[in-house]
Amino acid sequence: MAEEQEKTEEKAIEQETEEVSETTEEKPKKIKKVVRRRKTKKESENPLTVAIRLTVESGKVGYGSRKGVRALLTGQTKLVVLAQNAPAELSEDVEKFGKLSEIPVVPFPGTSIELGSICGKPFPVLVLAIYEEGVSPILEFGGKEKKKKK
1 MAEEQEKTEE KAIEQETEEV SETTEEKPKK IKKVVRRRKT KKESENPLTV
51 AIRLTVESGK VGYGSRKGVR ALLTGQTKLV VLAQNAPAEL SEDVEKFGKL
101 SEIPVVPFPG TSIELGSICG KPFPVLVLAI YEEGVSPILE FGGKEKKKKK
C-alpha cells in the first residue's frame, strides 16, 4: 500500500510539473509594450505646453529671469513666456520691457515648476526667452496676445 501511495504521489507531482511547465512556456510569448509618459490634464488640454515643448526640442531658448530681461532689453528674443507665479516686480518689468521693445510676452497658465518640467528641466523656470522657434507654432500665441491688447 505504501508503494501505491508513493506512485500516486509521484504521478500527482509529475502532473503538477507538467502544468507548471505549460504555464511557463506561455510567459515568454508575451510582447512588451512601449511605456509612454502619462500626460497631466493641463498638458493635454493646453496647446501652449505642446508648443513650448516643441520649441525647447527644436529651437533656441534661454531659461531664467536675468536672461529673459536681458534679451528683452537688447531685442534678441522673438517671444517671452512668463510663469503665473512670477513675483509682481519681475512680471511688471518683463511686461514693460516687452512693450518697449515690441516683443510679445505670453503668460503661462501654470507655475514655474510646471514650466520647468515641460521644458524638461529639473528646476523651476520663471521666464523662458525664445530666440528661434524651430518647428513650433509658438509665435502664433504671441500674435494672439498682441491682437488682444490693441
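Under this note's numbering, the first residue of the sequence shown carries the number 1, and numbering increases by one thereafter. Glycine included, C-beta positions come from ideal geometry on N, C-alpha and C. In this text the structure is predicted, and so the values were computed from the model without any measurement.
Buried/exposed call for residue i, threshold 16 Cβ in 10 Å
i: residue 82; result: buried
i: residue 127; result: buried
i: residue 110; result: buried
i: residue 115; result: buried
i: residue 135; result: exposed
i: residue 55; result: buried
DSSP state of residue i mapped onto helix, strand, coil
i: residue 120; result: coil
i: residue 139; result: helix
i: residue 57; result: helix
i: residue 129; result: strand
i: residue 75; result: coil
i: residue 64; result: coil
i: residue 88; result: helix
i: residue 47; result: helix
Distance, residue j Cα to residue i Cα
i: residue 130; j: residue 69; result: 12 Å
i: residue 89; j: residue 95; result: 10 Å
i: residue 47; j: residue 141; result: 10 Å
i: residue 86; j: residue 97; result: 15 Å
i: residue 52; j: residue 107; result: 12 Å
i: residue 119; j: residue 71; result: 19 Å
i: residue 50; j: residue 105; result: 17 Å
Spatial neighbours of residue i in its chain, beta-carbon cut-off 8 Å, leaving aside the 5 residues before and after
i: residue 121; result: 63
i: residue 73; result: 97 and 101
Neighbourhood of residue i by C-beta distance below 6 Å, restricted to the same chain and skipping five residues each side
i: residue 67; result: 129
7 Å Cβ shell around residue i - same chain, five flanking residues per side excluded
i: residue 93; result: 69
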